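Structure first, commentary second.
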Amino acid sequence: AFDNVLSKIIKAEAGIRKVILVDRTGLTIAHVSKFSYFPIDVDGVGAIASAVFVASEEQGVNLDLGDLDIVSSEFSKGKIFAASCGKGILCVITDNDVNIGLVRLVLKREASEIEKLLNEFLSEKIQFPTSAAEEAASAADESMEDNLEEALKELEKF
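Heads up, the sequence shown is in full-length UniProt numbering, so the first residue is 1 and it goes up one at a time.
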C-alpha cells in the first residue's frame, strides 16, 4: 500500500529521485527510487531527514510558531524535502532544477493519504504463528491457573 503512494509521488515530477517514508525515530518504513549510478544509504538518509524534521519541529514549538508543514534543504546539486504525515515523515530527494511548488503540493496532498495508511498499519494487531508446543504450554498455563483458583477457594473455606 505504501509503495503505491510513494510511486505516485516519484512519478509526479521528473526531478524527484527518491521518496522515503520513515517513522519519527528514523526507521525506514518504505522507499522508492529512480535509477541511479550511485548507491545511497536509504536508511541513513531517512534517519537524518527524520532527525532534522523532528529538531525543526521542536524549534517551532519552542518559538510558538505552530505546526511544521515542510522542511526543505537546498544543496548545490539537489534538494531534500521532509513533510509530516502523522506518525511518519515523508522525505523526497530531488534534482536541483525541480519545480519546488509542485513538490510542495504533492507532499501536502499525499501526506494525508500516507497518514491514513500509517494509522491503519500501526493499529493492526500482529498475530504470530504458534507451534503445537506453544499451544500446549498455553493450555498448561490455563490449567495451572484453574488449579490455583480451586486451591485458593479450598483455603478460603478454612
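C-beta: ideal position from N, C-alpha, C; glycine also.
Note that this is a predicted model, so its numbers are computed, not measured.
Contact belief for residue i with residue j at Cβ below 8 Å, rounded distance in angstroms
i	j	result
I29	V22	6 Å
D141	R17	In fact, because the Cβ distance is near 53 Å, the residues do not count as touching under 8 Å.
L118	G86	5 Å
L68	S76	So it is not a contact: roughly 25 Å between Cβ atoms.
Residue i and residue j closer than 9 Å at C-beta
i	j	result
L27	A12	no
A111	S72	no
A82	S50	yes
V61	K79	no
I40	L90	no
F121	F38	no
Residue i - containing alpha helix (DSSP H), residue span
i	result
L107	I100 to S123
D43	V42 to N62
D3	F2 to K11
Beta strand (DSSP E) segment containing residue i, residue limits
i	result
A30	T28 to S33
S84	G78 to C85
residue 163	Lying before the first or after the last residue shown, residue 163 is absent from the chain, which here runs from 1 to 158.
R17	I16 to D23
F75	I70 to F75
Best match in the options for proximity to residue i [C-alpha to C-alpha]
i	options	result
V5	E134, L68, E156 and K116	K116
F35	D43, F53, V54 and G15	G15
F53	T25, L148 and D41	T25
V42	S76, D69, A1 and I93	I93
I70	V98, L107, N99 and G44	L107
V98	L68, L90, E120 and E74	E74
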